[in-house]
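Residue numbers (my numbering), protein chains in the order written: chain A, 185 to 386; chain B, 326 to 554.
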């Protein structure tokens, strides 16, 4: 079966305008948070689902693919490195009687939900992205201590003929928003504050 | 076509000072108003200003092009001010000036300055005044039609549209942790495009007029005239 030139031209034009099969570039740059580090040693666990998280969505005219894994890992690393005195990596949350030695706390982030709106969806001249992270805190022996959600939001004006770039920018802003919230959140979790030296939790 | 040559001067009192401006390009009315709230402002040698845009509304947001225009105007020409980029300021103080965390009122500044490292970082940056920019340009009305390629004779018709550029700059003095004042710019204008063979646009550049008017007034607000000998 051969395609007519007119069909090919129409397809090419459609792809040019809407970017069919669009891989959204995410290149977030998170500054060092200006926060006082809590005097705790923290182990972080990034499972494969988190470190390789890719959001895909088949929409009319465009198959979106947004690879968040590298950016979310970098973002979380940047935040915890300034929020805590010492940070180490663990492959998994301790279980079956294991205990992570020399750490006060184990943190495991997950991406709970990624969603976006285009100008066509929302009826305004903006691309919007929301990301919901879930952070779970464990004791060194793997016992759950705390769990909370971080809802982040990013928005950018639509750029002409570049839906991918607009969505990428909105995603970057949502990740930056998440980093900002996380940087301040750790100091507001009673279960974490209870681990500080001199508190009743130690 | 009286509206094409209209130039309206309006001035209304508001607070301590008042400035009115008018622009005749296309058909525009412009009003720049200043309200001084604190003691006299006097930016000193080596002190800088930073212009930050508010990102808290769901449906509106100040255009980057407008913010860049104001920053360019502030940093150039007569009485040029030392400016720090929004990105550099926000990165240096991350996360304290992020959209959902930044102080929304001047009363929140003491709490912000009490955070470890914040006062020192602001002092190191040399930024004395924060200018919070809010507002946007909207197309409020329009009409007419233009038809082109009529039997090879080009275009025929008439189109018009009206734009309203409303912006407000709230000035905070970080040294005294007080509000120094508010300057607002409101420019509305109608653009016309008659077409006889070719379209001839007569554009009312409301956003540019608001930018230049606001920046000029900000400079006058922040720069103290040299003492009389």
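Virtual Cβ for every residue (Gly too), placed ideally from N, Cα, C.
Is there a Cβ from chain B that is less than 9 Å from the Cβ of residue i?
{"i": "residue 310(A)", "result": "yes"}
{"i": "residue 261(A)", "result": "no"}
{"i": "residue 381(A)", "result": "no"}
{"i": "residue 367(A)", "result": "yes"}
{"i": "residue 273(A)", "result": "no"}
{"i": "residue 337(A)", "result": "yes"}
Would residue i be called buried (16 or more neighbouring beta carbons within 10 Å of its own) or exposed?
{"i": "residue 456(B)", "result": "buried"}
{"i": "residue 536(B)", "result": "buried"}
{"i": "residue 359(B)", "result": "buried"}
{"i": "residue 396(B)", "result": "buried"}
{"i": "residue 293(A)", "result": "buried"}
{"i": "residue 496(B)", "result": "buried"}
{"i": "residue 427(B)", "result": "buried"}
{"i": "residue 430(B)", "result": "exposed"}
{"i": "residue 279(A)", "result": "exposed"}
{"i": "residue 386(B)", "result": "buried"}
{"i": "residue 307(A)", "result": "exposed"}
{"i": "residue 284(A)", "result": "buried"}
{"i": "residue 478(B)", "result": "exposed"}
{"i": "residue 267(A)", "result": "buried"}
{"i": "residue 488(B)", "result": "buried"}
{"i": "residue 374(A)", "result": "exposed"}
At a Cβ threshold of 9 Å, is residue i touching chain A?
{"i": "residue 458(B)", "result": "no"}
{"i": "residue 493(B)", "result": "no"}
{"i": "residue 537(B)", "result": "no"}
{"i": "residue 393(B)", "result": "no"}
{"i": "residue 446(B)", "result": "yes"}
{"i": "residue 411(B)", "result": "no"}
{"i": "residue 432(B)", "result": "no"}
{"i": "residue 386(B)", "result": "yes"}
{"i": "residue 525(B)", "result": "no"}
{"i": "residue 368(B)", "result": "no"}
{"i": "residue 426(B)", "result": "yes"}
Is residue i helix, strand or coil by DSSP?
{"i": "residue 391(B)", "result": "helix"}
{"i": "residue 246(A)", "result": "strand"}
{"i": "residue 382(A)", "result": "coil"}
{"i": "residue 398(B)", "result": "helix"}
{"i": "residue 365(A)", "result": "helix"}
{"i": "residue 425(B)", "result": "coil"}
{"i": "residue 444(B)", "result": "helix"}
{"i": "residue 286(A)", "result": "coil"}
{"i": "residue 405(B)", "result": "coil"}
{"i": "residue 232(A)", "result": "helix"}
{"i": "residue 309(A)", "result": "coil"}
{"i": "residue 240(A)", "result": "strand"}
{"i": "residue 321(B)", "result": "Examination of residue 321(B) is not possible in this model, given that chain B is present from 326 through 554 alone."}
{"i": "residue 219(A)", "result": "coil"}
{"i": "residue 474(B)", "result": "coil"}
{"i": "residue 545(B)", "result": "helix"}
{"i": "residue 461(B)", "result": "strand"}
{"i": "residue 487(B)", "result": "strand"}
{"i": "residue 292(A)", "result": "strand"}
{"i": "residue 375(A)", "result": "helix"}
Check the Cβ of residue i against every Cβ in chain B and list those closer than 8 Å, keeping chain order.
{"i": "residue 288(A)", "result": "Under the 8 Å cutoff, chain B gives no residues; its nearest Cβ is about 21 Å from residue 288(A)."}
{"i": "residue 373(A)", "result": "The contacting residues do not exist; residue 373(A) stays about 16 Å from chain B at best."}
Which residues in chain A sit within 7 Å of residue i, going by Cβ to Cβ distance?
{"i": "residue 442(B)", "result": "218"}
Along chain A, in chain order, which residues have C-beta atoms closer than 9 Å to that of residue i?
{"i": "residue 486(B)", "result": "Correct list: empty, because the minimum Cβ distance to chain A is about 16 Å."}
{"i": "residue 453(B)", "result": "Those do not exist, as residue 453(B) stays about 19 Å from chain A at its closest Cβ, beyond 9 Å."}
{"i": "residue 530(B)", "result": "Per Cβ cutoff of 9 Å: no residues; residue 530(B) is ~19 Å from chain A at best."}
{"i": "residue 508(B)", "result": "Per Cβ cutoff of 9 Å: no residues; residue 508(B) is ~24 Å from chain A at best."}
State yes or no: is the beta carbon of residue i nearer than 9 Å to at least one beta carbon in chain D?
{"i": "residue 316(A)", "result": "Chain labels in this structure do not include chain D; the protein chains are A and B."}
Quick one: measure Cβ to Cβ for residue i and residue j, integer angstroms, because I've assumed they're closer than 8 Å.
{"i": "residue 298(A)", "j": "residue 351(A)", "result": "No, residue 298(A) and residue 351(A) are not in contact; Cβ-Cβ is about 11 Å, not under 8 Å."}
{"i": "residue 483(B)", "j": "residue 519(B)", "result": "5 Å"}
{"i": "residue 540(B)", "j": "residue 398(B)", "result": "3 Å"}
{"i": "residue 228(A)", "j": "residue 291(A)", "result": "5 Å"}
{"i": "residue 435(B)", "j": "residue 502(B)", "result": "6 Å"}
{"i": "residue 371(B)", "j": "residue 498(B)", "result": "Contact doesn't hold; Cβ gap of about 16 Å is too wide."}
{"i": "residue 392(A)", "j": "residue 303(A)", "result": "Residue 392(A) cannot be examined here, being either before or after the span of chain A that is shown, 185 to 386."}
{"i": "residue 494(B)", "j": "residue 458(B)", "result": "5 Å"}
{"i": "residue 357(A)", "j": "residue 224(A)", "result": "Not quite, the Cβ-Cβ distance comes to about 29 Å (not below 8 Å), so this is no contact."}
{"i": "residue 531(B)", "j": "residue 512(B)", "result": "4 Å"}
{"i": "residue 262(A)", "j": "residue 363(A)", "result": "7 Å"}
{"i": "residue 421(B)", "j": "residue 433(B)", "result": "That pair is no contact at about 10 Å."}
{"i": "residue 521(B)", "j": "residue 481(B)", "result": "6 Å"}
Quick one: which chain B residues come within Cβ less than 9 Å of residue i?
{"i": "residue 363(A)", "result": "419, 420 and 423"}
If the cut is a Cβ gap below 7 Å, which residues of chain B does residue i touch?
{"i": "residue 215(A)", "result": "416 and 419"}
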